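FYI, in our numbering the residues of the sequence shown are 811 to 883. C-beta atoms are modelled at their ideal positions from N, C-alpha and C, and glycine is treated no differently. Keep in mind that this is a model prediction, so the values were computed, not measured. Below is one structure, written out as structure tokens; comments come after it.
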Amino acid sequence: MQINYDSFGKIVSGNNSGWYVKFIHDEQDTGGFYIHEIKEPNGDEGFDTWPETENDVQGYISENEWEIAWLIR
811 MQINYDSFGK
821 IVSGNNSGWY
831 VKFIHDEQDT
841 GGFYIHEIKE
851 PNGDEGFDTW
861 PETENDVQGY
871 ISENEWEIAW
881 LIR
């Protein structure tokens, strides 16, 4: 799956379907990646995951069986 870093996407199928997700490539600051899952794009309800490698990011997407519709802002 193509990942659009620093952009919100809506999870259209898989775990947490209907939620939003944002992927951040954060190797410079933390040495890895950041996945932010939230219920609403401007909301506070959600959680974070910090995978170490891009392969881990792809594995997380696969494990959650996500199909993501990327939002254009």
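Nearest residue (CA-CA) to E875, options D816, Y815, V822, S817: The shortest C-alpha to C-alpha distance from E875 to any of D816, Y815, V822, S817 is the one to V822.
Where G853 sits in the DSSP three-state scheme: Correct three-state label for G853: coil.
Same chain, Cβ closer than 6 Å to V867, five either side skipped, listed in chain order: By the criterion of a C-beta distance shorter than 6 Å, V867 is surrounded in its chain by F843, P861, once the five residues flanking it on both sides are discounted.
Bridge-paired residues (DSSP) for Y815: For Y815, DSSP records no beta bridge to any residue.
Nearest candidate by alpha-carbon position, reference I834, set N852, E864, G869, I878: Nearest Cα to I834 within the set N852, E864, G869, I878: E864.
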